[in-house]
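3 is the number of the first residue of the sequence shown in our numbering; add one for each residue after it. Single-structure report; data block below.
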Amino acid sequence: MKKTLHKNIRREFQFSFSRFLSVTLLLALGVFVLVGLKSTGPDMRLTANHYYQQHHLADAQLTSNFPLSKTDRKQIKKQLQQHHGQRWAAVQQQDGLITTGSTPKVIRIQNFTTNLAQVHICQGHLPRQNNQLILNVRDRHRYHLGQWLNIKFTSEHNAYNNLPKQRWQIVGFVTSSDYLDKSQLGVTPLHHGRVQTFGYVRRQAFGHWQPTIIKINFKLQLRKAYNQSYEQQNQKYVDRLQPLVNRLAAAKTRSIRQHWQAIFQHQLQQMQSLNPNNPAAVVQAPQLLQLQQRIAHLPSVSYTIQTRNDYDYGYRTFGEEAQRIDILSRVFPYVFFLVALIVCFTTMSRMASEKRTELGVLTGLGYSKPAAVEVFLVYGFLSGLLGSILGAYLGTKFLAVKIYQAYSANYALPALWARPAWKWILIAGTIALMVAIVPPLFVAFRELQENVADLLQPLVPTKGGKIFLEKWTGFWQRLSFKYQIALRNIFRYQMRMLMTIIGIFGCTALLITGFGIRDSLTGIVATQYQKLIHYDAVALLSPQINSEQQLAYQKKVRQHHDVRQTQLINYQTVYVRSPKIAVNQEVTAIAAPTYHQLNHFVTLKNPRQQPLNLHKLSGIVITQKLAAAQHVAVGDQLKFQDQLGHHLHGRVAAISQMYAGHFIFLAGPQYRKIWQQPLTANALMIKNRQRSSIPLDHLATWLNHQSATQGVIRSDTIKDAVNYILDGLNNLILIIIICSSLLALVVLYTLTNMNVDERKRELATMKVLGFSQTEVVMSIFRETLFLTGIGILLGFAGGYGLHHYIMQTLPPQNVMVLLRLKPTNFLISTLMTFLFAIIVMLIMAYKIQKVDMLAALKETD
3 MKKTLHKNIR REFQFSFSRF LSVTLLLALG VFVLVGLKST GPDMRLTANH
53 YYQQHHLADA QLTSNFPLSK TDRKQIKKQL QQHHGQRWAA VQQQDGLITT
103 GSTPKVIRIQ NFTTNLAQVH ICQGHLPRQN NQLILNVRDR HRYHLGQWLN
153 IKFTSEHNAY NNLPKQRWQI VGFVTSSDYL DKSQLGVTPL HHGRVQTFGY
203 VRRQAFGHWQ PTIIKINFKL QLRKAYNQSY EQQNQKYVDR LQPLVNRLAA
253 AKTRSIRQHW QAIFQHQLQQ MQSLNPNNPA AVVQAPQLLQ LQQRIAHLPS
303 VSYTIQTRND YDYGYRTFGE EAQRIDILSR VFPYVFFLVA LIVCFTTMSR
353 MASEKRTELG VLTGLGYSKP AAVEVFLVYG FLSGLLGSIL GAYLGTKFLA
403 VKIYQAYSAN YALPALWARP AWKWILIAGT IALMVAIVPP LFVAFRELQE
453 NVADLLQPLV PTKGGKIFLE KWTGFWQRLS FKYQIALRNI FRYQMRMLMT
503 IIGIFGCTAL LITGFGIRDS LTGIVATQYQ KLIHYDAVAL LSPQINSEQQ
553 LAYQKKVRQH HDVRQTQLIN YQTVYVRSPK IAVNQEVTAI AAPTYHQLNH
603 FVTLKNPRQQ PLNLHKLSGI VITQKLAAAQ HVAVGDQLKF QDQLGHHLHG
653 RVAAISQMYA GHFIFLAGPQ YRKIWQQPLT ANALMIKNRQ RSSIPLDHLA
703 TWLNHQSATQ GVIRSDTIKD AVNYILDGLN NLILIIIICS SLLALVVLYT
753 LTNMNVDERK RELATMKVLG FSQTEVVMSI FRETLFLTGI GILLGFAGGY
803 GLHHYIMQTL PPQNVMVLLR LKPTNFLIST LMTFLFAIIV MLIMAYKIQK
853 VDMLAALKET D
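Okay, here's the thing in C-alpha cells:
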C-alpha cells in the first residue's frame, strides 16, 4: 500500500508541476527579499568594521592650525593619559603636484604610522628610504612599482611643512581607511582645489618634523563601528577633551603673541639706540609697522578634536548608507513577503479542495487519515523547503552583494563579508513552511470529517443567484454575452477574485513606491543649484590679511573674466546634534552684512516657495530639513556648536527652502548677537558666469595661485557628494523594481494557472461547442484583465501611502526630498503590470490548447 501511495505522490508532482514551481518561486521570492534586505545592512557594517580594524582606524583626530612642537605634543599626551587616551600617533601632511605625465595631479602626502591609522600593503613594501613613496592602490593602472615621480611642492601654501625631495620612487600601493570615499579625498589650496590621490612616506622624509594632526584611540571596551554604544561613548570622550585642549591652544596663542611682542620690542630698542634723537620716526619705520601689522593679524591657535564621524567623511556616509538599507528593510520586504504568502496560502488551500474525491478514495481503500493527507505534507514541505533554501541563498549571496556593490562603488572597501542571517532565515523559512503545509492539511482534515460516501460524491453546486450588477438592468442588458459570463465568473469565484486583487494591489504598490522614490530624488540637486543656490565657489581668505587687503582681493577677483559677482562673507562649519543621535550633523553657517546682500547668492524663500520678507528678519534663517531634524519652528532657539565645542544658540526668524545640505544664514546683527563680536569676513563668495566644471576648474586654479587664498570650496564638490548618495539609492530602487516585477509576474501566473486548472471542463465544453482558440483564451484572460485593473487602481492608493511613509525616513539626514509621484510613475507601473498579464496569457494559451477535452469532460464538476 505504501508503494501505491508513494506512486500517487509522484504523480501529483508530475501532473501539477507548474503549480509546484509557482508556489516554490513565490516562497523563494518572499524569502529572497526578506533575508536579502534584512542581512545587507548588518553585513555592510560588518565588512566595514573588519576593514577599520585591519587598518586600526583612529577613534578621534586632533587637528591644529599651527605646527605641534614637542612641548605641545607632551601637553596633549598628558591630557590624553588623564582622560581615557590609549594610543596616539602624530601625523604631518603636505600637498603637492605630480608633474609626471601630461596632466598635473594633486597628491596629499603624509607620514605612515605603525600603531594607529595604519596603511594596508596591497603590492610592494613600506618606504625604507627618505625618497621612497607608497601610493593609493587605485593608481596601479597609472603608475608602476619602481617608477620615479616628479612632485612639486610650493612653499606658498605649505608654510609649516617641508618635503625637500622633488623625485620619489614608488615602492608600494596601499589602502587607507582615512581615505574611504574615493571622490572626497580632501580640499587643497593647490591647482583646482581637489585632492586627487594620496601617498605615504617615512617620518624622516620631512625636513622639519612639524605635525599638525594627532590620531587618537580611547580606552573603550567595545570598538565596533556604527554601534550606538560605541559612537556615544566616543563622542562623550571627545566632548570632555575639547575644552581641555582649548585651554592649551589659548596658552599657546598667548605664548606666540608674547614671542612676537618680544621681537618687536627688541627691534624697537635697537632702532631707538641707532636714532635716539627722533623716536617718532623710529616708531613709524616701515619695518616696525609691518611687524606690528603681522602681530595684530596673528591667528589664534585652535585645536579641534573630532570623532570618526566628523573627520572621516567616508566613514559617516557609509554608515548612513547601511542605515538607509535598514530603514527600507522595515517596510518593503514585509509587504513583499505578505503578498507572496497570501497567494501561496490560496493556492495550497485550493489544491486540497480539488483532492476531495481522491481523499474519499484513499480512505475508502483503508488508508488512514494521516496517510491520505501525506501528499499535501510532502508537497508543501518540499515547496516550502526548496523555496526557503533558494530564497535564503540568493538573498544572502546575490541580493545583499548586489545592493552592497551598488552602494560601495564609491568607497575603497573590500568585497562584502556576507554572513547568513540565521535569525531571519529561520523566521522566513518557518513561515514559508507553515504557509505551504498548514492550509492544505487544515482543508484536507476538514474534508475528512465527512463520510467516505459523501466524499466520493461531487459537491452540490451552490445555489445560483444574480450578481449585484444584474440588478442594474440598463447597464447589464447593454453588455454582450461574453462580458456577462466573465462578470458572473469573477463573482462566482470570490476567493480567487480577492487574491488576484490583493496580489496585483501589492505588486503595483511596490512598483509605484520604487518609481516614486526615484521621482522624489531625481533633480533635487539640479533644482537647488539652479533656483536656490547661485554661488559657484567660496574662496577662503588667509587669516594674515587685513580688511583693506580683503577689499583689494575682492576687487581683483571681480575683475576676472569668468566672475559675475562677489560678496565678502563669514563662512564656517558648525554642528548640531539630535537628542536621539550621538553623531554630529554638519551645518554650513554663512553670514553677510545684510540679508539683501546674501539674497543675491542664495534665494531665500519659505517652503511654500514664497520669498522671505528680508526687512522683518530679526533672527537666523535655517533650512527646512535642519528645522525638521532639530524639531524647531519659527520663534524657537536653535542650539549648535562651533568647531571648538563652544555652545551657541540663535532665534529662528524664518525657515528657508533647501533640498541638499544644512545651512544657517545670518546677517551682521545676528552674527554679533550670537558670537558676541562684530562680523568679520573670512571668505569671498563668488558667482561665476559659466557654471560648468571646466570654467570652475580654471577659476579655482587661478584663485589658488593668489597669496590671499587659503583654499577654495566649490559648489560642484557638494553637488557631486550628494549625487553619489542619490545614485546609490537609485541603484537600490532598480533592485526593488526588478523584484516587484518578478513578484507581479509570478503572482499573475500562479492565480491564472489555478483558474485554468479549476475550469478545464468549462474550457473543453467551449471547444466542443465550436468556440475558437482565441475566444476560449479570452474567456479566461478577460477576467484576469478586469481583476488586474481593479488591483492596479487600488495599488495606486497603496503605493501613494507606502511611498510617503518610506520617504519620511529613507533620504539622508541632510537631504529634503520632494514627496511627489509623477503621472508617468502610475502609467509605467500600469503598463508593466498589464504587460506581465499578457505574458501570462501567452503562456496559458499554450496550456489551454493542450487541454485533453475528453478527459476534462469526464471529470465531475
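For every residue, glycine included, the Cβ atom is placed at its ideal position computed from N, Cα and C.
For residue i, three-class secondary structure by DSSP
| i | result |
| --- | --- |
| R566 | strand |
| V189 | strand |
| W478 | helix |
| D863 | Its pLDDT being 49, under 50, D863 is placed unreliably by the model, and the measurement read from it follows with that caveat. Looking at D863 - three-state DSSP - the assignment turns out to be coil, as it is neither helix nor strand. |
| A411 | coil |
| R169 | strand |
| T214 | coil |
| L829 | helix |
| H127 | coil |
| K641 | strand |
| I592 | strand |
| D116 | Note that residue 116 corresponds to Thr in the displayed sequence, not to Asp. Note: T116 maps to coil in three-state DSSP. |
| S694 | coil |
| W90 | strand |
| R144 | coil |
| P613 | strand |
| R21 | helix |
| I547 | coil |
Between the CA atoms of residue j and residue i - distance to the nearest angstrom
| i | j | result |
| --- | --- | --- |
| L343 | L415 | 37 Å |
| L388 | V817 | 42 Å |
| V770 | R761 | 14 Å |
| R205 | F114 | 7 Å |
| L29 | L747 | 14 Å |
| S302 | I111 | 26 Å |
| A373 | L418 | 47 Å |
| K824 | G518 | 7 Å |
| F665 | D61 | 27 Å |
| K154 | Q679 | 41 Å |
| R249 | S257 | 12 Å |
| F798 | V363 | 47 Å |
| R310 | M501 | 50 Å |
| L457 | R358 | 6 Å |
| L182 | Y413 | 5 Å |
| F788 | V345 | 18 Å |
| I737 | T6 | 46 Å |
| M46 | K226 | 13 Å |
Distance CB(residue i)-CB(residue j) smaller than 7 Å
| i | j | result |
| --- | --- | --- |
| F864 | M843 | Residue 864 lies beyond the stretch modelled for the chain, which goes from 3 to 863, so this question has no answer here. |
| A710 | Y555 | yes |
| Y1 | Q63 | An answer regarding residue 1 cannot be provided, because it is not within the stretch 3 to 863 covered by the chain. |
| H52 | V108 | no |
| Q186 | Y315 | yes |
| V654 | I624 | yes |
| Y537 | K689 | yes |
| G505 | V724 | no |
| F339 | G32 | yes |
| I307 | L243 | yes |
| V585 | E322 | no |
| I503 | I792 | yes |
| V540 | I715 | yes |
| I218 | W90 | yes |
Cβ distance (whole Å) where residue i is taken to contact residue j below 8 Å
| i | j | result |
| --- | --- | --- |
| L450 | L361 | 6 Å |
| K607 | S658 | 7 Å |
| T1 | I808 | This structure gives no information on residue 1, because the portion of the chain shown stretches from 3 to 863. |
| I869 | H806 | In this structure the chain extends from 3 to 863, so residue 869 is not present and cannot be described. |
| D718 | S695 | 6 Å |
| A92 | P213 | 4 Å |
| T349 | R21 | 7 Å |
Minimum Cβ-Cβ distance from residue i to chain D less than 7 Å
| i | result |
| --- | --- |
| V623 | Of the protein chains in this structure there is only one, and it is not chain D. |
Tell me, please, whether the region 264-281 touches the region 38-47 by the rule of three or more beta-carbon pairs shorter than 8 Å. no
Are three or more beta carbon pairs between the region 381-400 and the region 470-486 nearer than 8 Å? no
Is it a yes or a no for the region 701-715 touching the region 390-398, going by three-plus beta-carbon pairs under 8 Å? no
Using 8 Å as the Cβ pair cut-off and three pairs as the minimum, do the region 559-569 and the region 724-737 touch? Contact between the region 559-569 and the region 724-737 is absent, because fewer than three Cβ pairs lie under 8 Å.
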